[in-house]
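Here the structure is laid out as structure tokens; the discussion comes afterwards.
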Amino acid sequence: MNWPKSQQLLDENSRLIPGGLASLNRKADPVIAFIRAKGSRMWDIDGHEYIDYHAGFAPYILGHGDDDQIAAVIQAMQGDLSNYGSGPTREEGELARLFLKAVSHCEKVQFFNTGSEATSQAIRVARAWTGRAHIIKMQGGYNGHHNAVATNLMSTCEQLGGSLVHGNEYPCVPFTAGIPPEEKALTHAVPFNDLDAVECMAKKYDIAALITEPVLQNIGVVKPQPGYLQGLRDLADRYGFLLILDEVKTGFRSSLGGYQAIAKVTADLSTYGKAFANGFPIAALAGKAKYLDLATIADAQKRVLVAGTYNCHPVPVAAAIACLRKLMDPDMDVYGKLEGLAQRLEVGQNELFKKHQISAVISRVGSASCAYFTTHGEPRDWWEILQHHDAAFDTRYRRALIERGIYHFPVIVKQGSISFAHSEGDIDQTLEATDNALRELTRGT
Ligand SMILES: Cc1ncc(COP(=O)(O)O)c(C=O)c1O
9 MNWPKSQQLL DENSRLIPGG LASLNRKADP VIAFIRAKGS RMWDIDGHEY
59 IDYHAGFAPY ILGHGDDDQI AAVIQAMQGD LSNYGSGPTR EEGELARLFL
109 KAVSHCEKVQ FFNTGSEATS QAIRVARAWT GRAHIIKMQG GYNGHHNAVA
159 TNLMSTCEQL GGSLVHGNEY PCVPFTAGIP PEEKALTHAV PFNDLDAVEC
209 MAKKYDIAAL ITEPVLQNIG VVKPQPGYLQ GLRDLADRYG FLLILDEVKT
259 GFRSSLGGYQ AIAKVTADLS TYGKAFANGF PIAALAGKAK YLDLATIADA
309 QKRVLVAGTY NCHPVPVAAA IACLRKLMDP DMDVYGKLEG LAQRLEVGQN
359 ELFKKHQISA VISRVGSASC AYFTTHGEPR DWWEILQHHD AAFDTRYRRA
409 LIERGIYHFP VIVKQGSISF AHSEGDIDQT LEATDNALRE LTRGT
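Count along the sequence shown starting at 1, add 8, and that's the number in my numbering.
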């Protein structure tokens, strides 16, 4: 497969936009410029069709261009709804009602445009509540692009000091320039699934909050070990910091109530985005009322600002309401269908890995999964991925699938996501392509 027109578009855009595209996280090899998507499929400018498992970094839980959602958005616009910028709207109230019904462990909710805004607000609320400044995050966790959390994602072995850390923090490895040193000194990255490390931080620093994805889904699907999330809950209570579970990826995807409904552990604050609006830009901070109500507390010294010109713009609000109604509709059984499709894919992939004698393990939570090429089982943290995952094979595997019309984002350990629009036929076609890809990749070995 070749993508000459895609490359040409990137070159043209690059003269005007640094890097040629609006989010540099979207830059990957091969460069593919998509021009259309519907349901489970995407089409590129070079004339190729793909079954999509990237889902735009996971939001598209219903699939691209869901008809009910598009109808709701058109109706909102044709009904002359606008972003009035003054006073409450009926629609934001309706969205909050539906949202809190789904995420029933949360008492109140505030809406934003992006996941990064939601996580940044969560940290601000935690700092305001506790009067403390330090935060704990996970090595291998992504919680947005702002200074407090733009560190320690897919760090290299060398950046991490070359050896495994247990019971302590990793060196700070920012993934952006421009973070002042005094801000870097406030963020402590610890290994996932390591409660000793969290306790060590809590003893050493005045911790305002620990923020983590409940399942690390920006390095595939790295699950919490049994008891880990409850352990975080207990440490937060013991040392007086807030537990922020960042469900921007797991929310409405792991289950309707997110991963917290599965783990039965409740955070103080939770952040959401992505799947609850099926690809439209809206995000949320939700949790216990006493924390969210800092926004309106009488004491101006303790009050936390909540502001945003586009918060609850009618287009994403209509999209989110339509998406939530569908996700919550028992007749649709969205999560039942997703589980069935995801199992079919997982079973088929495992059979193919066995047939082609590939050492691999699939880690999956609901419709989100990742294949790790390792003999060591499911990784428990980023260090285990660095040590045991065959990154070179993963790169070749993703490329071979793309060449056969199966689109996974071509960066190692990026999560694959199935949507409600996928069919059993899509899964079977994917498995056939996987069989061909593995045949090519193992030829001569
Ligand atoms: C877990 C998590 N938190 C926060 C964010 C930031 O969301 P956004 O890109 O909408 O700012 C992301 C984005 O991928 C994410 O995966």
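All C-beta atoms in this analysis are idealised placements derived from N, C-alpha and C, irrespective of residue type, glycine included. Keep in mind that this is a model prediction, so the values were computed, not measured.
Residue i to residue j span [Cα, whole Å]
i, j, result
"LYS13", "GLN423", "27 Å"
"ALA327", "ILE78", "7 Å"
"GLY64", "MET85", "24 Å"
"VAL229", "LEU253", "16 Å"
"LEU449", "PRO418", "16 Å"
"ASN226", "HIS364", "28 Å"
"VAL342", "GLY73", "16 Å"
"GLN437", "HIS56", "15 Å"
"PRO38", "ASP60", "15 Å"
"TYR405", "ALA294", "39 Å"
"GLU191", "ARG34", "27 Å"
"HIS153", "SER124", "6 Å"
"GLY374", "LEU251", "24 Å"
"TYR68", "GLY287", "5 Å"
"ASP204", "ASN176", "7 Å"
Coil, strand or helix - residue i by DSSP
i, result
"GLU57", "strand"
"PHE183", "coil"
"VAL229", "coil"
"VAL373", "strand"
"HIS396", "helix"
"CYS378", "strand"
"GLN118", "strand"
"ARG447", "helix"
"VAL198", "strand"
"PHE249", "coil"
"THR519", "The structure shown does not extend to residue 519, since the chain spans only 9 to 453, so no value can be given for it."
"SER163", "coil"
"TYR267", "helix"
"LYS145", "strand"
Within-8 Å CB hit, residue i to chain C
i, result
"ARG105", "Annotation note: the requested chain C is absent from the structure, which comprises a single protein chain."
Beta-carbon proximity of residue i to residue j, cut-off 8 Å
i, j, result
"GLU2", "PRO222", "Residue 2 lies beyond the residue range present for the chain, which begins at 9 and ends at 453; the question has no answer from this structure."
"VAL181", "LEU168", "yes"
"ASP202", "ALA141", "no"
"SER263", "ALA269", "yes"
"ARG412", "ALA368", "no"
"PHE42", "ASP52", "yes"
"PRO289", "PRO324", "yes"
"ALA283", "PHE249", "no"
"CYS320", "PHE107", "no"
"MET50", "ILE144", "no"
"HIS397", "VAL421", "yes"
Burial state of residue i, where buried means 16 or more other Cβ atoms lie within 10 Å
i, result
"ASN160", "buried"
"HIS151", "Reading the sequence as shown, one finds Asn at residue 151 and not His. Looking at its Cβ environment, which holds 16 or more other Cβ atoms inside 10 Å, ASN151 is buried."
Task: Uninterrupted alpha helix (DSSP H) stretches inside the stretch 287–331 (no shorter than 4 residues) - done: 297–300
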